[in-house]
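Under this note's numbering, the first residue of the sequence shown is numbered 7, with each subsequent residue one higher. Where is the CB? At the ideal position from N, CA and C, for every residue including glycine. Every value quoted in this text rests on a predicted model; they were computed, and no experiment measured them. Since the structure comes first, as structure tokens, the remarks are kept for the end.
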Amino acid sequence: MEPFLWTFYYFVVAIVVVFIGLIIFENLTSRYKDWEEIKKGNTAIALSIAGKIIGICIILSFAIYHSLQLMDTLIWGAYGVVLQMIAYLLFEVMTRRFSVEKQLQENNVAVGIVTMGVSIGLAFVIGASIT
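Take a look at the structure:
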């Protein structure tokens with residue numbers, strides 16, 4: 007029975023970390039609100055958010071695999087969210103020719119796909135560095 011309880015505990019931690027991460031990301035964007043845009047059918051923002059969710063979960067999976075305690079997973083998950091935020095902000099800075107946030111708001115699916123790729127790709131790098 008104990009493995010089932012631990013799976014549930016890790017599940018709860020993952021839900022909490024993803025939820026908090028999404029709230030933080032929602033507050034990073036000043037031009038729009040993610041969930042309002044998704045409700046309107048903005049595919050680019052949906053792809054970007056999906057990348058963030060998958061990225062956070064990838065980091066959490068590495069954290070679960072390498073952690074000895076549930077608290078370690080929570081700490082690494084929170085740290086992963088912070089690093090994902092930094093990556094998003096760096097991506098915005100590195101694309102000087104256009105605003106990623108504006109392009110996502112305008113439903114530029116190509117930018118949404120690249121943003122998703124950045125989130126997922128860096129999640130593997132962040133996750134692999136967890137020891």
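Here the segment 103 to 118 lies against the segment 39 to 56, with 3 or more beta-carbon pairs under 8 Å apart.
The three-state reading of DSSP puts M91 in helix, counting H, G and I together. Cβ neighbours of K58 within its own chain (closer than 6 Å, five residues either side excluded): F31 and S125.
Inter-residue distance for F17 and L89 is about 21 Å (C-alpha atoms, whole angstroms). Closest option to I21, judged by alpha-carbon separation, among M100, L95 and V87: V87. Approximately 12 Å separates the beta-carbon atoms of G133 and S73; this is outside 8 Å, ruling out the contact. DSSP places I55 in the uninterrupted alpha helix (DSSP H) bounded by T49 to H72.
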